[in-house]
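Encoded as structure tokens, the structure appears first; notes follow it.
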Amino acid sequence: MDPRGIATLVMLRHAEKGPGGDPSLTDVGKRRAIDLAHLLSASGAIHLWSTAYKRTRETLEPLASVLGLEVTTLDTNPEAWMKAIAAIGPGKVAVACGHQNTVPAVVKALGGTIGDVELHGTDAWLHPKDYDRLFLISWPVGVAFPSAETQVIELRYGAHC
219 MDPRGIATLV MLRHAEKGPG GDPSLTDVGK RRAIDLAHLL SASGAIHLWS
269 TAYKRTRETL EPLASVLGLE VTTLDTNPEA WMKAIAAIGP GKVAVACGHQ
319 NTVPAVVKAL GGTIGDVELH GTDAWLHPKD YDRLFLISWP VGVAFPSAET
369 QVIELRYGAH C
């Protein structure tokens, strides 16, 4: 397939966070955010998406600085995420930062699978201490989700968790 017809989403969970309801990143989390910026500095990403929580935005801020982009907050509504993802475009890359429950949900909604998760009812969650997992998700532009053509590659970044 022509790679210009492929869209890519880099999906990850926020970096290590402090305690509380809407905490900022810890010093370790801030270091991981810098590692993410270094890893994705040449990715050509055109969109950076986070949830409304400080920890997701702070995880993407060093990358936003390197790429000269703004971090866009997406509504927590799954349809808003899927609409944004479906509009990435051929040959384009977007980066999305979510949470231990939303990362597996997005991967699944696109048609991909990931292993080594916890089950909470029928929902898959990343393990509580998994902050170093990053998923490269690619699909042919224009397919309906979930798609059997979705491909997922898992990488690890920053310090080992």
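Numbering (our numbering), first residue to last: 219 to 379.
Beta carbons: idealized from backbone N, C-alpha and C, even for Gly.
If you measure between the beta carbons of residue i and residue j, is that distance less than 7 Å?
i           : j           : result
residue 311 : residue 261 : yes
residue 325 : residue 370 : yes
residue 266 : residue 284 : no
residue 321 : residue 263 : no
Going by beta carbon distance, what residues of the same chain come within less than 6 Å of residue i, once the five residues before and after it are set aside?
i           : result
residue 374 : 350
residue 240 : 271 and 272
residue 274 : 232, 268 and 315
So is residue i buried or exposed if we call it buried at 16+ other beta carbons inside 10 Å?
i           : result
residue 276 : buried
residue 291 : exposed
residue 331 : exposed
residue 268 : buried
residue 232 : buried
Only counting the same chain, and skipping five residues up and downstream in sequence, which positions put a Cβ closer than 8 Å to that of residue i?
i           : result
residue 367 : 329, 357, 358 and 361
residue 219 : Here the model assigns residue 219 a pLDDT of 47, short of 50, so the residue's position is not dependable, and the following value carries that caveat. Excluding positions up to five away in sequence, the list reads 358.
For residue i, which residues from the same chain have a beta carbon less than 7 Å from its beta carbon, with the 5 sequence-adjacent residues on both sides left out?
i           : result
residue 298 : 292
Tell me the start and end of each unbroken beta strand (DSSP E) in the stretch 287-342 that is at least 3 residues and wholly inside, in chain order. 289-291, 311-316 and 336-338
Do three or more CB pairs link the stretch 230-250 to the stretch 361-368 at distances below 8 Å? no
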